[in-house]
Amino acid sequence: MTATSGTAAEQEQTGAAPEGGEARPPVLEVRDLEVSFPGGRGNADVTAVRGVSYEVRRGEILGIVGESGSGKSVSSLAAIGLLPDYARVRGSIRLHGEELLGLDDRTMAGKRGRAISMVFQDPLSGLTPVYTVGDQVAEAVRVHNPKTSRAEAQKRAAELLTLVGIPDAERRRRAFPHEFSGGMRQRVMIAIAIANDPDVIICDEPTTALDVTIQAQILEVLKAAQRETGAAIVMITHDLGVVAGLVDRVQVMYAGRLVETGSVDDVYYRTRMPYTMGLLGSVPRLDRDGKTPLIPIKGNPPSLTDMPPGCPFAPRCPIATSECDAGEPPLEQVGGAGHSAACIRASEIEANAWTARDVYPVGEIAENPVAQLPREDRGTVLRVEDLAKHHPLMRGALFKRRVGTVYAVDGISFDIREGETLGLVGESGCGKSSTLMEILSLDAPQQGGVEVLGKHSGKVSTRERMDVRRDVQVVFQDPMSSLDPRMRVFEIIAEPLRTHGYSKERIRSRVLELMELVGLDTAAVTRAPAEFSGGQRQRIGIARALALEPKLLVLDEPVSALDVSIQAGVVNLLEELKARLGLSYLFVAHDLSVVRHIADRVAVMYLGKIVEIGDVQSIYRRPTHPYTKALLSAIPLPDPEKERRREHVVLQGDLPNPADPPSGCRFRTRCQKFAVLGEDERSACREREPELRNRVEGAADQAAACHYADTEAVL
Amino acid sequence: MAKFLIRRLLSYLVLIFLASSIAYLIAATTLDPRGYFEQRQPPPSDQAIEKELDKLNLNDETPLAERYATWIGGVVTGDFGSTIKDQSVNESIARKAGVSLRLIVAGTLIGATLGVAMGAYSAVRQYGKFDKATTVAAFFLLAVPAVVVAVTLQVTAVWINDVSGMRLLEYGGEYSANLQAGFWGTLADRVQHAILPTLALSLSLFAAFSRYQRNMMLDVLGSDFVRTAMAKGLTRRAAMIKHALRTALIPTITYFTFTFGILIANATFTEKIFGWHGMGAWVVDSIATQDVNAVAAVTFFMAVCVMVASFLSDVLYAWLDPRVRVS
Amino acid sequence: MSLSAEREAITTEAAAEISGRWSSLAKELLATRRVVIGLAIILGLIAAAWIGPMLSPWGFGERDFTAFRSPPSADHWFGTGNTGRDIFHMTMVGLQKSILIGLCAALFTTVIAALVGAFAGYYLGITDRALMWVTDLFLVLPQFLILAILYPVLRDSGWLIFVLLLGCLMWMVTAKMVRGMTISLKEREYVLAARYMGVSHGRIILRHILPNMSSLLIVDATINVSSAIILETALSYFGFGIQPPDVTLGSLIAEGSRQALAFPWTFWFCTGLLIVLVLAVNLIGDGLRDALDPHSKSRT
């Protein structure tokens, strides 16, 4: 059941090195594209894209990388003519040499979906909820071939769905979008995009909303789609890993402009623009042992309404000089052919061979003395014993009825010691958030027990319960929704203090102290959350969680909603706080790279069970459970060389329905190991549920729930 | 599915029963049938009044519980008692319900359909001439009470008839009395009488629905699936109609359920003002004549209407939105 | 790495953009032309309603025996009615009452709706089922009929009772909307955060949930003002509403509509004012929705 592939093979097949393709005319050619939106009500205009140029040839994959607000999506929407009417677009966009700007809607509609098509980011909202997926694919066929009969279009739709890897397409095409998982819907979107053999496919963050194992599947589908159609692909993403293994050329965007372009190797290994360096340095690496701080880029991207003259990155650049503010540096060739950067100090960087570590000064993180003690000698902060959370599965919005039981959490055990960070990882739907909520509710669990600092949940008095609340605090994922938008920062941080009866003066001084602690200006307490950027809000959320001096901080995906450069700062802050305040963390995340960086121990969850648990070194260097291996393998590394050499384990299918988990080992339906086992060996997987225990020699702290655990390396 | 329908129907029945009971109890305690008889000319004797009240189960000297028990006993067997003029309530319902239903159904269909169509169109052409015109019209209509709409229509009809010198529009009654005109003549006469009341009822519905549909449409216009539809090659207009409108219709169904109560109240005014002898007009008359049984019966009828409307909109919702269907 | 070195620069750029929630909201509202026009009209009407009677040479109950049903003149600005009373004066007094009834009923309605909806949506389960069942029952009861029966009995207790009755029969739809919003707000992380720090349920509803749907509540209260005024008109038309000696626009319209053709001034002045009043309220409500609701896309 494994599908492996290396990207090097594809590259040969498509033969799309930039030099080799020069002879053929580009399919899509964008020149000096500028997009601005009127500000309205006397506000200044927002210029989202300021002079972007690129071209792609048949069979070539171009990567456009940038953080949110860099203008990468706007420029691609401009190319396909889907910007709102009030957007002002200047420059030139040519498809097969024909100018697209200024075409009327009808002519443009004739090109969209036939010559140029697009795959959007969010597959959940991208399909019309009231039509079947088959109809929506067939519509794409029929709109450009009106003579096709309905039956033929449906037949073609089923073919396309099969092509993008939807099993049993003939039956499944009658399903509605809500009956499909996110990954399946993204496959449908790709089927729609390739329905008419387009010449260019623009993919706008096609895998951002998906889990890593599904991301790996979708990237495979995209590669297959490109083989099938020979189209040029423009891949827009913020994920430097996705780009590394997939594309031929990369363009880095910042504040609506290209700041560095070139071949993948040039941009990744011979970086000439400090922003690109920071971006690469801020990514936590799956393939490196953590404990060196990440590189945060301080500050925030400039507001697009009134851009200062000079280099837009200068305010955040550690090596900026006064000349940087004088004028915006043009994109100029540096080093090899096709490699250009927009930095006046690019030649200096080249001459001195500076790397990110040289450009960005990074300090050390102190160790908490408690962490020096052996694990057994430290006190237990949280103990979870055979915890289960089952909830009824309801169907229908109008006629609600129970159709089954979801085994969200189904008997998990772990403990966290003083000064320790446990990372809880798994795909969405594996039960990690339910576990958190069960722990935080402090109610008696349905099954098993939760013990916080020696107190059993559900067995303590109301007074004691309030005391436990002090010791356990939470930081949430979404910095937009975790702070009450109607409150001032002061009130937000003061809320836990007020609830626990602190005096007015004490609250005041404590709030200011906390602001200082998380690195925010104390004068900002009178502002509303809306006035802060994502990273700053997450700091406010951390300050609120720390207000009552808790012992255990529960972190629910605290950095996954942030841009990488901002994420690095928050991760560093969390590490610093842990050392200074002697905290313990329960860190829930789907991003295994961040977990490797921050956690001491890791627990991997699958369908409500822990399948592997142990210390970070053991798990990442020598995973023994096939699921852990698959997860690690699915994450693309921001390192083109390594990425090209890697063989990815691509898991088949989606997470099974948690209301109806497979018998025996729950992972067997997708397991790459199960697929290669003999029939006799398989019966063990089908019939017996493997218990979580030490499976390999020489690892004191590593347990896996697999009958056939082995130590074959994946990284 | 069948189990759900049955459960829902049961809860409907309970609600209808309770609503009628509450109305009966309120009416029985606050209305004054004795006063109605005392004011008759010539004044009847006390004994005659007692006898009449007892016969109609309206005597305020009988304990309320007893009167209620008698009433409920009748209702259970399908008999809503007698009106204060000693006619069968059941017969009155049979006669009047059709009149009201004709008005409500026609008014709803015309008003809601036009409202949805115009609202959707003005959303697509936001800030265009058509949008501005419908917005102004809808705003104005929403500000005018149904009573004033009806009276204004009557005044206009009088004026039109005067100007044209013919009776083009009828504004009193449901049909001309003693008309001998064959099938087509009768039909024309009915239509002539129905135009103004139906218009009065549908105007306010039209205003509300066009505003609501416009807002719903605007919410959907920027959504990802409309963008997907355009990305696959549909023109803006085609994407609007096929994808946006279809999806934006779903919340409108819920809105319809919410506004149905107001619609019934409006039907009451319309019937009364245009002299239609429907259920709505009967409410007003029965309160004025202290007719307890009639009030309870009308409440029953209106509760049934509300429940049927809500049931229909549930069914419509499930039909429009595959997400709520249970397989 | 020192934390202070990493302190983020949040000095001027953010502050320049938003100078405070309320002032920016005020700016937004004043930039919405509908709100400005609506407010101006309402203020004008309020001024007219309370100052007008003082300017009028005629008293409230005073009859001019020289002029029955006389058309508007310098003496009687809006003409006179059947009994020779000055219509201008009566209309202004009626306008006062209509405005008061609208505002009070809307406030009352919105408070009930917010409480019922928020408690039902927050606690769900049995509380929700009970409250929603009551809501459904009220929806099924024909409000017009109940009001028409009950008010004549209670009318001796004054017009405030009428306001209470109106409120009791108008809250259901808003309550259902509030419930729906509460269910979604309740899953917001800031509500979870409050719960996990030990804040009590009642306090969460009052401090986090209700303030965060204030936009819905404000908009809805505005709409309810006009609904109450319109409902009052309808009731008065059939003689079930406010009774003499009190007058409202509704009771004036009722009186005037019977002679709208013969003596148009008895009908059109009060009707016109009523329409202008409701129109202005609706304009404000619509403008507020756009300004307060960030999801509404009816602005560019």
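Protein chains in written order, with full-length UniProt numbering: chain A, 1 to 715; chain B, 1 to 327; chain C, 1 to 300. Even glycine gets a Cβ: it sits at the ideal position worked out from N, Cα and C. Since the model is a prediction, treat every value here as computed from it, not as a measurement.
**Prompt:** DSSP state of R423 (chain A), grouped into three classes?
**Reply:** For the purposes of this step, residue 423 (chain A) is identified with residue 423 of the first sequence, where counting begins at 1. As written in the sequence, residue 423 (chain A) is Gly, which differs from the Arg given in the question. Reduced to three states, the DSSP call for G423 (chain A) is strand.
**Prompt:** Going along chain A, which residues have a C-beta under 7 Å from A231 (chain B)?
**Reply:** Within the second sequence, numbered from 1, the residue matching residue 231 (chain B) stands at position 231. What A231 (chain B) touches in chain A: I80, L82, R112, G113, S117 and M118.
**Request:** Would you mind telling me which residues of chain C sit closer than 8 Å to K272 (chain B), beta carbon to beta carbon, in chain order?
**Result:** Residue mapping note: residue 272 (chain B) aligns to position 272 of the second sequence, counting from 1. By Cβ distance, chain C contributes F238.
**Message:** According to DSSP, is D220 (chain C) part of a helix, a strand, or is it coil?
**Reply:** Residue mapping note: residue 220 (chain C) aligns to position 220 of the third sequence, counting from 1. Helix.
**Request:** Indicate the three-state DSSP secondary structure (helix, strand or coil) for Y585 (chain A) in the structure shown.
**Result:** Taking the first residue of the first sequence as 1, we reach residue 585 (chain A) at position 585. Y585 (chain A) falls in the strand class under three-state DSSP.
**Request:** For E98 (chain A), name the three-state secondary structure that DSSP assigns.
**Result:** As a position in the first sequence, residue 98 (chain A) is number 98, starting the count at 1. Note: E98 (chain A) maps to strand in three-state DSSP.
**Message:** Residues in the same chain with beta-carbon distance under 6 Å from T276 (chain A), minus the five sequence neighbours each way, listed in chain order, please.
**Reply:** Within the first sequence, residue 276 (chain A) is the residue found at index 276, counting from 1. The residues are V252 and E260.
**Message:** If I measure Cβ to Cβ from P44 (chain B) and keep anything under 7 Å in the same chain, skipping five residues before and after, which residues do I get?
**Reply:** For the purposes of this step, residue 44 (chain B) is identified with residue 44 of the second sequence, where counting begins at 1. The residues are F37.
**Request:** Check each residue of the region 176-187 of chain A: if its Cβ is closer than 9 Å to any Cβ of chain B, include it; give the result in chain order.
**Result:** Listed in sequence order: F176, P177, H178 and E179.
**Item:** Collapsed DSSP secondary structure at I284 (chain C) in the structure displayed
**Value:** Indexing the third sequence from 1 puts residue 284 (chain C) at position 284. In the structure shown, I284 (chain C) sits in a helix (DSSP, three-state: H, G or I).
**Request:** Taking D136 (chain C) as the query, report the chain B residues whose CB atoms sit under 7 Å from its CB, ordered along the chain.
**Result:** Counting from one through the third sequence, the residue named residue 136 (chain C) turns up at place 136. Chain B residues near D136 (chain C): L15.
**Prompt:** Could one say the Cβ of D224 (chain B) lies closer than 7 Å to chain A's Cβ atoms, at least one of them?
**Reply:** In the second sequence, counting from the first residue as 1, residue 224 (chain B) sits at position 224. Judged by the 7 Å Cβ criterion, D224 (chain B) is in contact with chain A.
**G21 (chain A) (DSSP reduced to helix, strand or coil)** = Reading the first sequence from its first residue, position 21 is the one you call residue 21 (chain A). Caution is warranted here: a pLDDT of 44 is assigned to G21 (chain A), below 50, making its placement in the model unreliable, and no coordinate value can be reported.
**Request:** Measure the Cβ-Cβ separation of R114 (chain A) and H144 (chain A) and say whether it is below 7 Å.
**Result:** What you label residue 114 (chain A) is simply residue 114 of the first sequence in a count that begins at 1. What you label residue 144 (chain A) is simply residue 144 of the first sequence in a count that begins at 1. Yes; because the gap between Cβ atoms is below 7 Å, this pair is in contact.
**Request:** Go to R31 (chain A), then tell me how far its beta strand (DSSP E) extends in each direction, as first and last residue.
**Result:** Within the first sequence, numbered from 1, the residue matching residue 31 (chain A) stands at position 31. L28 to F37 is the extent of the beta strand (DSSP E) around R31 (chain A).
**Asked** Going along the chain, which residues of the region 279-292 of chain B sit with their C-beta nearer than 7 Å to a C-beta in chain C?
**Response** V283, V284 and I287
**Asked** Which residues mark the beginning and the end of the alpha helix (DSSP H) in which K629 (chain A) is found?
**Response** Walking along the first sequence from the start, residue 629 (chain A) turns up at place 629. Element bounds for K629 (chain A): P626 to A634.
**Message:** If I follow the unbroken alpha helix (DSSP H) through L592 (chain A), where does it start and stop?
**Reply:** Along the first sequence, one-based indexing puts residue 592 (chain A) at 592. L592 to I598 is the extent of the alpha helix (DSSP H) around L592 (chain A).
**Request:** Please report the Cβ distance between T222 (chain C) and L274 (chain C), rounded to the nearest whole angstrom; I am assuming they are in contact, meaning their Cβ atoms lie under 8 Å.
**Result:** As a working note, residue 222 (chain C) is residue 222 in the third sequence. As a working note, residue 274 (chain C) is residue 274 in the third sequence. Not confirmed; about 16 Å, so no contact.
**Asked** Taking all protein chains shown into account, do 16 or more other C-beta atoms lie within 10 angstroms of the C-beta of D204 (chain A), making it buried, or fewer, making it exposed?
**Response** Here residue 204 (chain A) is taken as the residue at index 204 of the first sequence, counted from 1. Its Cβ being crowded by 16 or more others within 10 Å, D204 (chain A) is buried.
**Prompt:** So, do the region 226-245 of chain C and the region 192-201 of chain C have three or more beta carbon pairs nearer to each other than 8 Å?
**Reply:** Short answer: they don't touch.
**Prompt:** Checking contacts by CB at 7 Å: is residue 302 (chain C) closer than that to chain B?
**Reply:** What is shown of chain C runs 1 to 300, which leaves residue 302 (chain C) out entirely.
**Pair within 7 Å by beta-carbon distance, A265 (chain B) and F144 (chain C)** = Here residue 265 (chain B) corresponds to residue number 265 of the second sequence, with the count starting at 1. Here residue 144 (chain C) corresponds to residue number 144 of the third sequence, with the count starting at 1. Their beta carbons are under 7 Å apart, which means A265 (chain B) touches F144 (chain C) by this criterion.
**Request:** List the residues that DSSP assigns as beta-bridge partners of H648 (chain A).
**Result:** Residue numbering aside, residue 648 (chain A) sits at position 648 when the first sequence is read from its first letter. In DSSP, H648 (chain A) forms no bridge with anything.
**Request:** Could you spell out where the alpha helix (DSSP H) holding F231 (chain B) opens and where it closes?
**Result:** As a working mapping, residue 231 (chain B) is identified with position 231 in the second sequence. One detail in the question is off: residue 231 (chain B) reads as Ala in this sequence, not Phe. First-last of the alpha helix (DSSP H) with A231 (chain B): D224 to A231.
**Request:** State the Cα-Cα distance for the pair E495 (chain A) and M515 (chain A), rounded to the nearest angstrom.
**Result:** Working through the first sequence from its first residue, we reach residue 495 (chain A) at position 495. Working through the first sequence from its first residue, we reach residue 515 (chain A) at position 515. For E495 (chain A) and M515 (chain A), the distance between alpha carbons rounds to 14 Å.
**Prompt:** Can you list, in chain order, the stretches of the beta strand (DSSP E) that have 3 or more residues and sit fully within the region 659-712 of chain A?
**Reply:** 702-704
**Prompt:** In chain order, what residues of the same chain have a beta carbon less than 8 Å from the beta carbon of A9 (chain C), not counting five sequence neighbours either side?
**Reply:** Indexing the third sequence from 1 puts residue 9 (chain C) at position 9. Per-residue confidence for A9 (chain C) stands at a pLDDT of 32, beneath the threshold of 50, marking its modelled position as unreliable; the derived number appears in the next sentence. Excluding residues within five positions, none has a Cβ falling inside 8 Å.
**Item:** Where L546 (chain A) sits in the DSSP three-state scheme
**Value:** For the purposes of this step, residue 546 (chain A) is taken as the residue at position 546 of the first sequence. Residue state, collapsed to three classes: helix.
**Message:** Three or more C-beta pairs under 8 Å: does that hold for the region 127-137 of chain A against the region 166-182 of chain A?
**Reply:** yes
**Nearest residue (CA-CA) to F301 (chain B), options B:K3, B:L18, B:F4 and B:R8** = If you number the second sequence from 1, residue 301 (chain B) lands on position 301. The option with the nearest alpha carbon to F301 (chain B) is B:L18.
**Prompt:** Around the Cβ of L170 (chain C), are there at least 16 other Cβ atoms within 10 angstroms (buried) or fewer (exposed)?
**Reply:** Within the third sequence, residue 170 (chain C) is the residue found at index 170, counting from 1. Here residue 170 (chain C) is Met; the residue named in the question, Leu, does not match the sequence. Buried.
**Prompt:** Do you know offhand how far Q39 (chain B)'s Cα is from L30 (chain C)'s?
**Reply:** As a working note, residue 39 (chain B) is residue 39 in the second sequence. As a working note, residue 30 (chain C) is residue 30 in the third sequence. Approximately 59 Å, taken between the alpha carbons.
**Request:** Might you give, ordered along the chain, the residues of its own chain that have their beta carbon closer than 7 Å to the beta carbon of S181 (chain A), omitting 5 neighbours on each side?
**Result:** Counted from its first residue, the first sequence places residue 181 (chain A) at position 181. Same-chain partners within the cutoff: D654.
**Request:** Determine the direct distance from the alpha carbon of P322 (chain B) to that of D710 (chain A), and round the result to whole angstroms.
**Result:** Reading the first sequence from its first residue, position 710 is the one you call residue 710 (chain A). Reading the second sequence from its first residue, position 322 is the one you call residue 322 (chain B). Answer to the nearest angstrom: the Cα atoms are 46 Å apart.
**Message:** Strictly below 8 Å CB to CB, what residues from chain D border L31 (chain B)?
**Reply:** The displayed structure is made up of protein chains A, B and C, and chain D is not among them.
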